[in-house]
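Novice: In this note's numbering, the protein residues as written are 146 to 330.
My questions all concern the structure below.
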């Protein structure tokens, strides 16, 4: 059976909960369109999240990878277009506080998810969604950058931010997964 690796994050900064954690735990080992979902929670650390993601991809050999993150300042679901080679922002959960540090050698990587189709499917289902052109410079961006560096355009992979006050979060992510599967089969 084909696999979708779905990642979320633990709580961070002033967020006492992180809805992406609950989503990946709820969808873990479920099946969507003949693909088993492997749900994993990443630490909110620049180094630890990237290392765990790399290990998961090596171990699971997924056919699709979708990383989720909480965007506490957004009101819509936002599939990310690009990850940039920059770590910056607030301290992570281990206290590491990078300032304009590079992640790798490539300036940026672009999502290989069908982001336009994901937005269309979400809107048809009644969700507010739009493409985002910045994953920021915090751990979400670092994870997206690492993910796209590892997968090297060999499979659909990318990042989707969700807002904190999203009703039916799990259903929205199921739509994102089903749409991605539908676009590649």
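We put the CB at the ideal spot given by N, CA and C, even for glycine.
These figures come from a predicted structure and were not determined experimentally.
1. Name the DSSP beta bridge partners of residue 160, please?
2. Taking all protein chains shown into account, decide if residue 290 is buried (16 or more other Cβ within 10 angstroms of its Cβ) or exposed.
3. So, at 6 Å on beta carbons, what are the nonlocal neighbours of residue 194 in its own chain, with the 5 sequence-adjacent residues on each side left out?
4. Please look up how many angstroms separate the CB atoms of residue 272 and residue 215, rounded, as I've assumed it's under 8 Å.
5. Helix, strand or coil: how does DSSP classify residue 229 here?
6. Do the CB positions of residue 232 and residue 191 come within less than 8 Å of each other?
7. Any contact of the stretch 199-208 with the stretch 167-176, i.e. 3+ C-beta pairs under 8 Å?
8. Tell me the DSSP secondary structure of residue 305 in three-state form.
Specialist: Judging by the given coordinates:
1. DSSP lists 157 as the bridge partner or partners of residue 160.
2. With at least 16 other beta carbons inside 10 angstroms of its own, residue 290 counts as buried.
3. Leaving aside the five residues that flank residue 194 on each side, the residues in its chain whose CB is nearer than 6 Å to its CB run, in chain order, 187, 188, 284 and 288.
4. Actually they do not touch by this definition, with Cβ atoms about 16 Å apart.
5. Residue 229: strand per DSSP, three-state reduction.
6. The answer is yes: Cβ separation under 8 Å.
7. No, the stretch 199-208 is not in contact with the stretch 167-176.
8. Strand at residue 305.
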